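So that you can map any letter, position 61 of the sequence shown is 80 in the working numbering, and since no number is skipped, the others follow by simple counting.
A short worksheet on the structure shown next.
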Amino acid sequence: MRPYSPPIRIVVGLLSALLVVAAPVACRKPAQPSEAYTQAHKRFGKLYGEKGDDAFLDPALAEVESLLAQVPADSLDAPAAQELRNRIQTGKQQAAAHEKAREEARAQAREPGPGSTGFGSDTGSSAPAPSGSEPSDEGSNDGTDDADAGTGTGVPGVGTPEAQLASSGCFQKGEPLEVKGRGRRDRWELADRPACRQQYASLQDQALIIEEGKVLAQVPKSSIQAIPVDGGTGPTPDAGR
Numbered sequence: 020m021r022p023y024s025p026p027i028r029i030v031v032g033l034l035s036a037l038l039v040v041a042a043p044v045a046c047r048k049p050a051q052p053s054e055a056y057t058q059a060h061k062r063f064g065k066l067y068g069e070k071g072d073d074a075f076l077d078p079a080l081a082e083v084e085s086l087l088a089q090v091p092a093d094s095l096d097a098p099a100a101q102e103l104r105n106r107i108q109t110g111k112q113q114a115a116a117h118e119k120a121r122e123e124a125r126a127q128a129r130e131p132g133p134g135s136t137g138f139g140s141d142t143g144s145s146a147p148a149p150s151g152s153e154p155s156d157e158g159s160n161d162g163t164d165d166a167d168a169g170t171g172t173g174v175p176g177v178g179t180p181e182a183q184l185a186s187s188g189c190f191q192k193g194e195p196l197e198v199k200g201r202g203r204r205d206r207w208e209l210a211d212r213p214a215c216r217q218q219y220a221s222l223q224d225q226a227l228i229i230e231e232g233k234v235l236a237q238v239p240k241s242s243i244q245a246i247p248v249d250g251g252t253g254p255t256p257d258a259g260r
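Below is the structure:
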């Protein structure tokens, strides 16, 4: 008996079908990196390195977003481009919220409030009285104030970490403020030392309001003498009169 073998026509048909299925896979090009993403990543890194979180409010960020929009969906860098887009959007929202908070704090600090005659103090004093230990500290340092004053990296301003104020040797923590609409906030002022007054002359009459460990606002002492306070005793029935 002759052994059975499938007709040649069937074998040829199966081979043709396999070739048709495999052809698109063989012809598909591998994913390529995107030059647009490379440029966007480089520009964003440079901008953020120069301005920090303020980069999210800089008009130059629009160029970065434009480059990210040019990254092909099938590019090797498409996931990274989408991640950078998300980071930029989140950063812009947070930066806008922080800027709005700073503006509100400045406006509230300048707004006269009822029943308050002082700068965050129940006694109505416009600034905290210097402690009795400061004159002796100044006399006992024997010129070490100059060394303390040199530990800062620049003139503090909005966004400066509170830790930098503490480590500079030229700033002292004042009495907390009860800021209208924001609650109790810490306050820092320039220490009354000759070397510090010379190095930070522009901050002699300024108060630095702290929120979340950073300087939220920098305002003149003379303009914030009427911040409402509750003295830690809670609201009273006639507090609004």
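For every residue, glycine included, the Cβ atom is placed at its ideal position computed from N, Cα and C.
What you are looking at is a predicted structure, and each value in this text was computed from that prediction instead of being measured.
**Request:** Using the Cα positions of residue 187 and residue 119, report the straight-line distance between them to the nearest angstrom.
**Result:** Per the coordinates, the alpha-carbon of residue 187 lies some 28 Å from the alpha-carbon of residue 119.
**Message:** How far does the beta strand (DSSP E) with residue 8 in it extend, from its first residue to its last?
**Reply:** The question about residue 8 has no answer, for the chain in this structure spans 20 to 260.
**Request:** Would you decide whether residue 231 is buried or exposed? Buried here means 16 or more other CB atoms lie within 10 Å of its CB.
**Result:** Burial is judged here by how many other beta carbons sit within 10 angstroms of a residue's own beta carbon; residue 231 has fewer than 16 and is exposed.
**Item:** Status (buried if at least 16 other CB within 10 Å, exposed otherwise) for residue 175
**Value:** Buried, since its Cβ has 16 or more Cβ neighbours within 10 Å.
**Prompt:** Ends of the beta strand (DSSP E) at residue 191?
**Reply:** Residue range 190–192 is occupied by the beta strand (DSSP E) that includes residue 191.
**Request:** Indicate whether residue 206 and residue 228 have their beta-carbon atoms separated by less than 7 Å.
**Result:** Yes; because the gap between Cβ atoms is below 7 Å, this pair is in contact.
**Request:** Just the C-alpha distance for residue 126 and residue 234, rounded to the nearest angstrom, thanks.
**Result:** Rounded to whole angstroms, residue 126 and residue 234 show a C-alpha spacing of 16 Å.
**Asked** Near residue 223, what residues of its chain come up, given a Cβ to Cβ distance below 8 Å and the 5 sequence neighbours on each side ignored?
**Response** Cβ within range, chain order: 209, 216.
**Prompt:** Is the distance from the Cβ of residue 90 to the Cβ of residue 50 below 7 Å?
**Reply:** Not in contact: residue 90 and residue 50 (Cβ atoms no closer than 7 Å).
**Prompt:** Distance, Cα to Cα, residue 124 vs residue 85?
**Reply:** Using only the alpha carbons, I get a separation of about 34 Å.
**Asked** Ordered along the chain, which non-local residues of its own chain (more than five positions away) have a Cβ less than 8 Å from that of residue 182?
**Response** Cβ within range, chain order: 232.
**Request:** State the start and end residues of the unbroken beta strand (DSSP E) segment that holds residue 86.
**Result:** DSSP places residue 86 in no beta strand (DSSP E) but in the uninterrupted alpha helix (DSSP H) bounded by 80–88.
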